[in-house]
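Report on the structure given below.
Structure follows, in structure tokens:
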């Protein structure tokens, strides 16, 4: 569906005819979308369009909702992650997630970061120390927390908490990081820091981000997908989506005529 | 506006203000009623116990190792009774904690919504069974089973008491722990799962640690319930002379006597104002102090939990991770050594060896088990816990219903007892229970609802509400037998009501007062604030707002509370034991006459009337059906209005 010379050939994760229902209500309709490695892909659209629902399909977070039913495939590493033979734990090990509201555990900064490696079976103290330090540094938080590693993470500011959550996701060394409106609960300065961090992260990781802030999508993303009422309306290079949208709905939304 | 009209309006507003103030005063008086009650309980217990402290001294009373007030010389040592209470409670907790926590985790984390909708009421049903019915079941089934299968001279023992109390504590611990676990923010769970933790890792490393204080409070509340329980313990523990402590101390088959059982047995036979009488009030004071400590502990822990949830604590961790691991290991090994030693003495070398081998084997392979297998093992254990609880409930219900059904007939329900209750019917007891409960609710409902209205509508959260709530909480944690003693000292003797319907009604009313206050408060708090603001903005006064806007939508909640109170009052034995009941077949002609009541009728039949099995089974079934029926009405009302009323 996307015809653009700038699109790379390799795909890290893609959805094929993905439909999702919450009980009787269909929330996603036939989503076909490809995500490219080491790029930032933004999901944009008005509230309730299904962008958060879609991003939660990539690491099967919707499994938690009892009434949720899914058809279609999400192909990652050549495998449908919804296949019954696939272990959801191993999927989430490779696809990390950062949530809308910073959600550190009520544990120390160190314990928050060490949590992921620990549950994956890493026990030795030295290895953990290394992982913790590297992850916090990669999340650009080291300067601020290096001498309070053993204090409660609940004492950090909102922006720091969110970078801690990013560091926590990095500690399990995923291939993809999903971010569900990571800045919606933050002030502009903290937001700028996270955006800089996203820029940095895409060197090593693939990032999928949900945002309802148009400027943010334009600033941080390489590709953008515009969704409306559970349907994927348009997908393409971010510049093209913003400057020359092919669909009328997209143009209306981008130019602020509705949404 | 004309001069006359303005004058009339001013007069009207003035009258309105006076009315408002007097209404507020009335509510304030109802609100402090629970404090007055708790203070008078303490006062009367102290008044009647001081002579014994003067005689043997507080230390002598606490440390004496023999309890034999009717001997010569009389012995007033409560030490064995205290130890007895603690041992029975300890055993009960060892049984109740794993089963309850397993059930709580299952209900909140593993069950599908449909399973939850079945299992939660089933466990609440366990809470609805009257304690005298538990005692009856224990006496007829549990002690017999223990005696035969362990080849003991008698099954009435520490173990029987602990098993029974354990079962009775399960619903308390499960429901409070389940609330705590369910209130862990969903974000924590999602965060953990997104970091590729398994469900069990999420439960054991994030959800349970985050709700630890709630779980601790649940356990302490369950302990309070077990310590204060009278009838069931009294009926199955054997109650040895001198209250002797089991010898050796870990002999779970030895009979044991608790503080509550001592009161339940001896209070009815004691001459008032004798030394024995004073000593029993001393025991009641002891019991009250122990339960107060336990309940205050629980409310402190729950209070801290609330604080922490409201503001992220910035405190530095006092103990580093390594040290906390070390402390955990030390505590664990101390407990392990004690358990192994007692096993060794009780079960012999072979069984101890086998258990040790299994444990060692488990420890050595534990670290090699993958997270996935660990999850399977943990979930199996949790499933086993919930299935055990359901089976226990099934056995109790099947036994009571199976045996009682044969005894039920129209004549049994409508007739009067003959041949000491062995034949004939139980209608006088049904009527007596009805009178007692009706009177209790008539007294408790206005007091409780008034107090709740004062607490939620007329005051800001502050010192006053804190004190009133503390009074209600203390009242709520007071063992029912203590209410019985208070009723006896204050109503029966001091106010000269005698053993009478009225004394029983008032005693029961005091007991259910905190339930009514709490449920009414919850119902009032559910009414959205903007409804009140809307009414105020239209010029309505406080009382008008409460009466016309707040109370109507809260009515079903208040009704539910009243029904729960009725259920509790109908099943209780201990508070009416010395205040209202006689084992008889006549109907009271005034409120100053004594009555018979269903739980008391069952208690006397089961403990004192030989060859009355059929009448026992029938009475137990009628009592069970009555109380459970009342609870079902409450649950039905709650669910019905939860569905129809959405804000």
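Residue numbers (our numbering), protein chains in the order written: chain W, 407 to 665; chain U, 6 to 652.
The beta-carbon is built from N, C-alpha and C at its ideal position, and this holds for glycine as well.
Counting only the same chain and skipping the five closest in sequence on each side, list residues whose C-beta sits under 6 Å from that of residue 539 (chain U).
-> none
Can you tell which of W:488, W:513 and W:659 has the C-alpha that lies nearest to the C-alpha of residue 423 (chain W)?
-> W:488
Name, please, each residue of chain W whose Cβ falls closer than 8 Å to the Cβ of residue 308 (chain U).
-> Within chain W, no residue comes near residue 308 (chain U); the closest Cβ sits about 17 Å away, beyond 8 Å.
Using CA coordinates, which residue listed in U:523, U:287 and U:107 is at the minimum distance from residue 54 (chain U)?
-> U:287
Between residue 604 (chain U) and the rest of its own chain, which residues show a CB-CB distance below 7 Å, the 5 nearest in sequence each way excluded?
-> 135, 137, 576, 577, 578 and 628
With 16 as the cutoff for other CB atoms within 10 Å, does residue 586 (chain W) come out buried or exposed?
-> buried
Jot down the residue ranges of each uninterrupted alpha helix (DSSP H) in the segment 12-45 of chain U, minimum 4 residues, whole runs only, in chain order.
-> none
Three-state secondary structure (DSSP) of residue 421 (chain W) | strand
For residue 403 (chain U) and chain W, any beta-carbon pair shorter than 9 Å?
-> no
What are the start and end residues of the beta strand (DSSP E) that includes residue 478 (chain W)?
-> 474-482
Rounded to whole angstroms, what's the CA-CA distance from residue 439 (chain U) to residue 156 (chain U)? Just pull it up for me.
-> In this structure, the straight-line span from the alpha carbon of residue 439 (chain U) to that of residue 156 (chain U) is close to 43 Å.
Pick out whichever of U:133, U:560 and U:423 has its Cα sitting closest to the Cα of residue 634 (chain U).
-> U:133
Spatial distance of residue 447 (chain U) from residue 227 (chain U) (CA atoms) | 29 Å
Taking the C-alpha atoms as reference points, what is the distance between residue 449 (chain U) and residue 307 (chain U)?
-> 27 Å
For residue 641 (chain U), which option in U:591, U:565 and U:582 has the closest C-alpha, if you only look at C-alpha atoms?
-> U:565
Determine which residues of the segment 196-208 of chain U have a Cβ less than 8 Å from any Cβ of chain W, and write them out in chain order.
-> Flagged, chain order: 196, 197, 198, 199, 200, 201, 202, 203 and 206.
Nearest residue (CA-CA) to residue 525 (chain U), options U:451, U:594, U:475 and U:26 = U:451
Who are the neighbours of residue 522 (chain W) on chain U, taking C-beta pairs under 8 Å?
-> 200, 201 and 202
Against chain W: residues of the segment 206-239 of chain U by CB proximity under 9 Å = 206, 207, 210, 211, 214 and 215
Closest by CA to residue 526 (chain W), which one among W:578, W:638 and W:590?
-> W:578
Min CB distance residue 183 (chain U) to chain W below 9 Å = no
CB contact check: residue 484 (chain U) to chain W, cutoff 9 Å | no
At 7 Å on the CB atoms, spell out the chain U contacts of residue 499 (chain W), in chain order.
-> 201
CB residue 89 (chain U) to CB residue 225 (chain U), shorter than 9 Å?
-> no
DSSP beta-bridge partners for residue 600 (chain U)?
-> In the DSSP assignment, residue 600 (chain U) is bridged to U:586.
For residue 58 (chain U) and residue 69 (chain U), believed in contact at Cβ under 8 Å, the rounded distance = The pair is not a contact, with the Cβ atoms about 12 Å apart (cut-off 8 Å).
Output the boundary residues of the alpha helix (DSSP H) element that contains residue 378 (chain U).
-> 376-412
DSSP beta-bridge partners of residue 427 (chain W) = W:432 and W:475
Considering only the beta carbon of each residue, do residue 612 (chain W) and residue 582 (chain W) sit closer than 9 Å?
-> Contact: yes.
Note down, in chain order, every chain W residue with its Cβ under 9 Å from the Cβ of residue 383 (chain U).
-> Those do not exist, as residue 383 (chain U) stays about 14 Å from chain W at its closest Cβ, beyond 9 Å.
Kindly indicate the opening and closing residues of the beta strand (DSSP E) around residue 631 (chain W).
-> 629-634
Any idea which residues DSSP pairs residue 72 (chain U) with across the strands?
-> In DSSP, residue 72 (chain U) forms a bridge with U:81 and U:247.
Would residue 588 (chain W) be called buried (16 or more neighbouring beta carbons within 10 Å of its own) or exposed?
-> buried
Alpha carbon to alpha carbon, how far is residue 342 (chain U) from residue 2 (chain U)? Give it in angstroms, no decimals.
-> No answer is possible for residue 2 (chain U): the residues shown for chain U start at 6 and end at 652.
For residue 421 (chain W) versus residue 627 (chain W), is the C-beta spacing smaller than 9 Å?
-> Taking 9 Å as the Cβ cut-off, residue 421 (chain W) and residue 627 (chain W) do not qualify as a contacting pair.
Would you call residue 531 (chain U) buried or exposed, if buried means 16 or more other Cβ atoms sit within 10 Å of its Cβ?
-> Classification for residue 531 (chain U): exposed.
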